[in-house]
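All remarks here apply to the structure that follows.
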Amino acid sequence: MNEPTQQQPAGQLEDDRTFRLLVENIVDYAIYMLDPDGHIRTWNKAAAAFKGYSAGEVIGRHFSIFFTKADQDAGKPERLLREAREQGRTEDSGNRVKKDGSTYRTHVVIDAIHDDKGQLIGFGKVEHDTTLDAGAEDARLASAERMRAIVETVPDAVITINSKGIIESFNPAAHRMFGYTAAEVIGQNIKIMMPPPYHDEHDGYLRNYMQTGEAKIIGIGREVTAL
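Count along the sequence shown starting at 1, add 48, and that's the number in the working numbering.
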């Protein structure tokens, strides 16, 4: 049993235990310590889940084992430690290698850790698996591209505006209907396509809709005269 000492009071021991339990049981972030040369000193459950290694398999080994062969040959592990040592911290996103040889996408933050005298005693490493995030982003981009293709080919005019009424997109059907090219109207207020009295009233209608969310004029779907 660890007895409190003059250097480490009972309250601090309890704080240390609580912090250790917190780090060990975090599931979304791999958190582990490296010595000044990059050898692994601690290992939490998330790190084991991300990478497939148990603590016994990696503690004492150099953290470069998680890098791809190309990154190892390029000296990336050493470069990241050098940046953290010189700047206090560094960040990196890229592929890392699991125990079974498969790769995953990750975002890493490395902080240099110093003692009370300012001596470097190691590095703290926090890592988040962004593989699912990357997949979601790919799906979002694919969906946006499908939507863009639909908007570009539908026979109806489709115009999008921002909250101030400024035109942000203008499809080919809108060009055929209004006579403007997209380059001529993007960045202009939608009012250029409205004759009086709609031209003068539009800002008030839009402002009311943005402030209240109530579909009185804008948002109800109605016939208007365009210019």
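All residues carry an ideal CB built from backbone N, CA and C; glycine is no exception. Values in this document were obtained by computation on a predicted structure and should not be read as measured data.
Exposed unless 16 or more other CB atoms sit within 10 angstroms - verdict on residue i
{"i": "residue 170", "result": "buried"}
{"i": "residue 106", "result": "buried"}
{"i": "residue 262", "result": "exposed"}
{"i": "residue 119", "result": "buried"}
{"i": "residue 318", "result": "Outside the shown range of the chain, which is 49 to 275, sits residue 318, and nothing can be said about it."}
{"i": "residue 240", "result": "exposed"}
{"i": "residue 128", "result": "buried"}
{"i": "residue 141", "result": "exposed"}
{"i": "residue 117", "result": "exposed"}
{"i": "residue 67", "result": "Because the pLDDT of residue 67 is 48, which lies under 50, any placement of that residue in the model is unreliable, and the number read from its coordinates should be weighed accordingly. Flag for residue 67 reads exposed."}
Alpha-carbon to alpha-carbon, residue j and residue i
{"i": "residue 96", "j": "residue 103", "result": "7 Å"}
{"i": "residue 152", "j": "residue 163", "result": "33 Å"}
{"i": "residue 109", "j": "residue 122", "result": "19 Å"}
{"i": "residue 274", "j": "residue 218", "result": "15 Å"}
{"i": "residue 113", "j": "residue 135", "result": "24 Å"}
{"i": "residue 230", "j": "residue 249", "result": "24 Å"}
{"i": "residue 137", "j": "residue 157", "result": "7 Å"}
{"i": "residue 232", "j": "residue 272", "result": "22 Å"}
{"i": "residue 130", "j": "residue 82", "result": "13 Å"}
{"i": "residue 79", "j": "residue 166", "result": "23 Å"}
{"i": "residue 194", "j": "residue 210", "result": "21 Å"}
{"i": "residue 244", "j": "residue 77", "result": "59 Å"}
{"i": "residue 238", "j": "residue 256", "result": "16 Å"}
{"i": "residue 269", "j": "residue 247", "result": "17 Å"}
{"i": "residue 90", "j": "residue 168", "result": "17 Å"}
When the options are compared against residue i, the one with the closest alpha-carbon
{"i": "residue 259", "options": "201, 212, 167", "result": "212"}
{"i": "residue 226", "options": "93, 205, 154, 210", "result": "205"}
{"i": "residue 277", "options": "176, 148, 85, 90", "result": "Residue numbering for the chain in the displayed model covers 49 to 275; residue 277 lies beyond these limits and cannot be assessed."}
{"i": "residue 208", "options": "224, 236, 193", "result": "236"}
{"i": "residue 93", "options": "143, 113, 117, 176", "result": "176"}
{"i": "residue 155", "options": "115, 200, 252, 147", "result": "115"}
{"i": "residue 87", "options": "142, 246, 111, 77", "result": "111"}
{"i": "residue 145", "options": "98, 221, 200", "result": "98"}
{"i": "residue 24", "options": "203, 172, 126", "result": "What the structure shows of the chain is the stretch from 49 to 275, and residue 24 is not part of that stretch, so it cannot be assessed."}
{"i": "residue 161", "options": "149, 150, 174", "result": "174"}
{"i": "residue 150", "options": "179, 125, 242", "result": "179"}
{"i": "residue 214", "options": "199, 243, 195, 251", "result": "251"}
{"i": "residue 234", "options": "143, 89, 220", "result": "220"}
Residue i Cβ short of 8 Å to the ligand MN heavy atom set
{"i": "residue 150", "result": "Of the ligands one can find in the structure shown there are none, so the ligand MN has no counterpart to examine."}
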